[in-house]
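One structure is given below, encoded as structure tokens.
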């Protein structure tokens, strides 16, 4: 079971908001909005997306990694190695 | 005139792709996809959004800031202060 | 036991290199080096520091978090909550 | 003249603090400090380094780029392209 299941509706709501913000940025560009105002929205989407990522990671560590570790040490190690690579991708994104 | 005008269609196309990616992440969560796969998509959206931000900033510096500086030093200074604050928001996002 | 113990010498070596790089940046500024060259070094130190952070986090998750989880679920949960906060600080830094 | 000249002493002071922080992290690792406490210091150094980078960039745009633009449009364009690449390096670091 995915780690985010309990908060699924919350994630879907946040992603709908982000989708609306991305569409809003396209509209701003279409209407010649001032660059700096567009950039403020871009930073806001990036930040909202990072929060979603951190939340998913939190759920993953709390559920999937803990479960795997309890069942089997080798399996837990693999899950952690995988999670660290995901954290690295978030940090470098 | 906004700094992104020449590349407007390119930005609109990239934002449509990002919007589709955000919708894809919602679908993955709705279908219980594996957390790490969702996180990979989150990092990809964040990275695509950063590229859009960098492109807009590049256009802004090349057009708006250069124009303002050529017309009037004080006005140029203000534009640069404003751009630096936008860069800071992108860095901290 | 801290998660980084096995690689302790490697961390100390990398931190000495970073320390030298920071001193090098001070020297560049003292000698009026070109701003862009200084900025390249700043990005390099930030990147090296992030790698140290990721390494420490990896060690922490592999050792401390796995150990805590094996001993006691509540304790494991606390360790993970703490690790997620540390990841957030790295992401926002 | 480099853009940071007026604030040179301030940069040198901040870099000495960062250098001391990096040395402090090495000491923490040498003394088996708790991983999470070390990570907090790593995030703090990364953040301080980013602030130095932003300050240098601000000085560079205000001085070098404005000067180049006033003298010669082509030269100004080159300086801006170079600054945008430096911003990208900071963002990806």
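Protein chains in written order, with this note's numbering: chain F, 3 to 95; chain L, 3 to 95; chain R, 3 to 95; chain D, 3 to 95.
For each residue, glycine too, the CB sits at the ideal point set by N, CA and C.
Residue-level contact to chain R via CB, residue i, 7 Å cutoff
{"i": "residue 62 (chain D)", "result": "yes"}
{"i": "residue 2 (chain F)", "result": "A question about residue 2 (chain F) goes unanswered here, because the residues of chain F that appear run from 3 up to 95."}
{"i": "residue 30 (chain D)", "result": "no"}
{"i": "residue 78 (chain F)", "result": "yes"}
{"i": "residue 91 (chain D)", "result": "yes"}
{"i": "residue 53 (chain D)", "result": "no"}
{"i": "residue 44 (chain D)", "result": "yes"}
{"i": "residue 40 (chain D)", "result": "yes"}
{"i": "residue 19 (chain D)", "result": "no"}
First and last residue of the uninterrupted alpha helix (DSSP H) at residue i
{"i": "residue 69 (chain R)", "result": "68-73"}
{"i": "residue 33 (chain D)", "result": "No alpha helix (DSSP H) holds residue 33 (chain D); DSSP gives it neither H nor E."}
{"i": "residue 57 (chain L)", "result": "37-62"}
CB contact check: residue i to chain D, cutoff 7 Å
{"i": "residue 70 (chain R)", "result": "no"}
{"i": "residue 8 (chain R)", "result": "no"}
{"i": "residue 56 (chain L)", "result": "yes"}
{"i": "residue 82 (chain L)", "result": "yes"}
{"i": "residue 5 (chain R)", "result": "yes"}
Chain F contact for residue i (CB, 7 Å cutoff)
{"i": "residue 33 (chain L)", "result": "no"}
{"i": "residue 26 (chain L)", "result": "no"}
{"i": "residue 47 (chain L)", "result": "yes"}
Cβ-Cβ separation, residue j to residue i (assumed contact under 8 Å), whole Å
{"i": "residue 16 (chain D)", "j": "residue 54 (chain D)", "result": "6 Å"}
{"i": "residue 63 (chain F)", "j": "residue 86 (chain R)", "result": "6 Å"}
{"i": "residue 66 (chain R)", "j": "residue 5 (chain R)", "result": "5 Å"}
{"i": "residue 31 (chain F)", "j": "residue 29 (chain L)", "result": "Not really, about 26 Å apart at Cβ, beyond 8 Å."}
{"i": "residue 90 (chain R)", "j": "residue 56 (chain F)", "result": "6 Å"}
Three-way DSSP call (helix, strand, coil) for residue i in this model
{"i": "residue 5 (chain F)", "result": "coil"}
{"i": "residue 95 (chain R)", "result": "coil"}
Closer than 7 Å to chain L by CB, residue i
{"i": "residue 95 (chain F)", "result": "yes"}
Cβ-heavy atom distance, residue i to the ligand GDP, below 6 Å
{"i": "residue 48 (chain L)", "result": "The ligand GDP is not among the ligands present in this structure, which contains no ligands whatsoever."}
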